[in-house]
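According to the numbering used here, the sequence shown is numbered sequentially starting from -17. Heads up, the thing below is written out as structure tokens.
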Amino acid sequence: MTGVAFVVLFVVAFYINQAPGDGASNAVWLKTYANSGNQILFVVSGFMLVIASLCLLAFVNSLWSRIAAARRPQETSRLPRAGAGLAAAAIALGAVLAATVPGTMIFRSHLAAGQLRLPSADILRLTADAFFAFVSVAGMFGVALAIAGLGVQARSAGLFGRWFATTSIVVAIITLFSFGYYPMIAPMLWFLVVSIMLLRRDSVVATSPATVNSMAAPTPTTSAGQS
């Protein structure tokens, strides 16, 4: 379920983080960040992205562990885990940067004495652009590494077929262009589909006759009189 949780949290967080466009005037930027409702949304978005990054790590580590177990005694490259670590760190850092100014404004206005003036519109643009760069460029580069690596390894382990490896590589290449925004949809779909496939596989294994019989079989006991 961590794969599904990652997609849901990431998409919702990205949707509610609605900073003005780069072409917007300084007045629009200042008005957007001065609104208390928008400040709360920016902070909530930041928290959701941090949690999403942890879900990403958990999902990739879980799938990689399955692959490594299936490939034993062969060694399994840890490149997908490294890619997931890079992605999680970049997404979390971008989230913190995006929430820094709104979070500070909320803290100063409600919990601390005195009011804090908004920084200039250029600084607001800088934090918004840094957020997008960390999440959509560095973060998605790590996601692409994880997807490509898992796809190839899953095929070699016999968990999925050649089509899965090929599709994963194609999705990874598309993910590299996530700075264009819409290519980011591809990895989200990949995580959803793979999560559903794993859930279905687990349910089939759990209800297979061999599994049911092994769970229902009585445990042999030794009577007290036997030696």
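Think of the CB as a built atom: it goes at the ideal place given N, C-alpha and C, for glycine as much as any other residue. No experiment lies behind these values; they were computed from the predicted model shown.
Own chain residues within Cβ distance below 6 Å of residue i, not counting five before or after
i      : result
W46    : P62 and R63
V(-11) : M170, F173 and L174
L39    : A66 and A70
A120   : A72
L(-9)  : M30, I33 and A34
L68    : G124
Own chain, CB closer than 7 Å to residue i, minus 5 neighbours either side, in chain order
i    : result
G131 : S59, L61, P62 and G65
D111 : none
T157 : M122, V125, A126, I129, P165, A168 and P169
G207 : In this prediction, G207 scores a pLDDT of 43, lower than 50, which makes its location untrustworthy; the coordinate-derived value is nonetheless stated afterwards. So no residue of the chain qualifies.
T109 : L79, A80, T82 and V83
A103 : N8, W11 and L12
P2   : V10, W11 and T14
R144 : R137
L181 : none
M179 : none
Check whether residue i and residue j have beta carbons under 9 Å apart
i      : j      : result
F123   : A77    : no
I164   : P84    : The residue you asked about is not Ile; residue 164 is Tyr in the sequence shown. No, the Cβ-Cβ distance between Y164 and P84 is not below 9 Å.
L141   : R54    : no
T(-16) : F41    : yes
A139   : A52    : yes
A154   : V117   : no
I151   : V134   : yes
A(-5)  : L31    : yes
A115   : F159   : no
A34    : A(-13) : yes
N(-1)  : F113   : yes
Cutoff 8 Å; reference residue i; Cβ partners in own chain excluding five residues on either side
i    : result
L100 : L12, Y15, A16, V83, M87 and L106
A81  : F24, V25, S27, G28 and F29
N43  : R63 and A66
V194 : For V194, the pLDDT reaches just 40, beneath the cut-off of 50, and the residue's location in the model is therefore unreliable, although a value from the coordinates is still provided. None.
Distance cut-off 8 Å: residue i Cβ against heavy atoms of the ligand GTP
i   : result
L38 : The ligand GTP is not among the ligands present in this structure, which contains no ligands whatsoever.
- prompt: Which runs of the beta strand (DSSP E), 3 residues or longer, sit entirely within the region 124 to 194?
  reply: none
query: What are the start and end residues of each continuous alpha helix (DSSP H) run of 4 or more residues lying completely inside the region -3 to 66, in chain order?
result: 8 to 16 and 18 to 53
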